[in-house]
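Under our numbering, think of the first position of the sequence shown as 3, with each following residue one higher. We put the beta carbon where it would ideally sit given N, CA and C, even for glycine. Predicted, not measured: the structure shown is a model, and the values here were computed from it.
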Amino acid sequence: MTVPPPAALTAEALLSRLSDHLDGLAADVHRVEQVVGGHATTTRPTDSAIVQLQSLDHLRQSLEDLSLLTLFLARPGSDGRSGLSNPACIRDRLRLGCTRALFDAPLPVAEQPSLAQSGDIDLF
3 MTVPPPAALT
13 AEALLSRLSD
23 HLDGLAADVH
33 RVEQVVGGHA
43 TTTRPTDSAI
53 VQLQSLDHLR
63 QSLEDLSLLT
73 LFLARPGSDG
83 RSGLSNPACI
93 RDRLRLGCTR
103 ALFDAPLPVA
113 EQPSLAQSGD
123 IDLF
């Protein structure tokens with residue numbers, strides 16, 4: 003039995019899959035958030051625990067924003083152009099200021115991240 007060659011993956015299809023993946027991660031974080039939050043209400047949470055819960059909430063909201071952003075990028079507009087044909091509309095649909103800031107003025111060349119500057123690689 004021969005296996006047919008895989009179809010060429012388009013950028014739109016990949017972005018759509020990425021959006022689904024990010025949405026799934028956000029849902030996972032939300033479930034963890036609910037469990038941890040439930041335990042926090044049975045004991046007196048420390049300031050540190052509250053900050054960590056807020057960090058978890060920020061992570062979930064960031065994943066949701068990134069999922070939405072990639073979904074918009076995956077869907078071409080009515081004119082057939084990239085989902086970025088109306089960036090202000092996309093920006094306004096995002097929840098967090100740090101995610102909306104991705105649409106702001108570009109970073110100077112000296113501040114743009116590169117793969118060479120990305121830090122250590124953890125293999126496990």
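Using the rule of at least 16 other Cβ atoms within 10 Å of the residue's Cβ for burial, across every protein chain shown, is residue i buried or exposed?
i	result
Ser57	exposed
Val34	exposed
Ser21	buried
What whole-angstrom Cβ distance do residue i and residue j have, given they're in contact under 8 Å?
i	j	result
Leu98	Gln63	6 Å
Ser69	Ala28	6 Å
Leu73	Val31	Not quite, the Cβ-Cβ distance comes to about 18 Å (not below 8 Å), so this is no contact.
Just the C-alpha distance for residue i and residue j, rounded to the nearest angstrom, thanks.
i	j	result
Thr101	Ala90	13 Å
Ser18	His41	35 Å
Ala15	Thr43	42 Å
Leu96	Arg46	33 Å
Ile52	Ala76	36 Å
Gln36	Asp59	10 Å
Leu11	Asp106	30 Å
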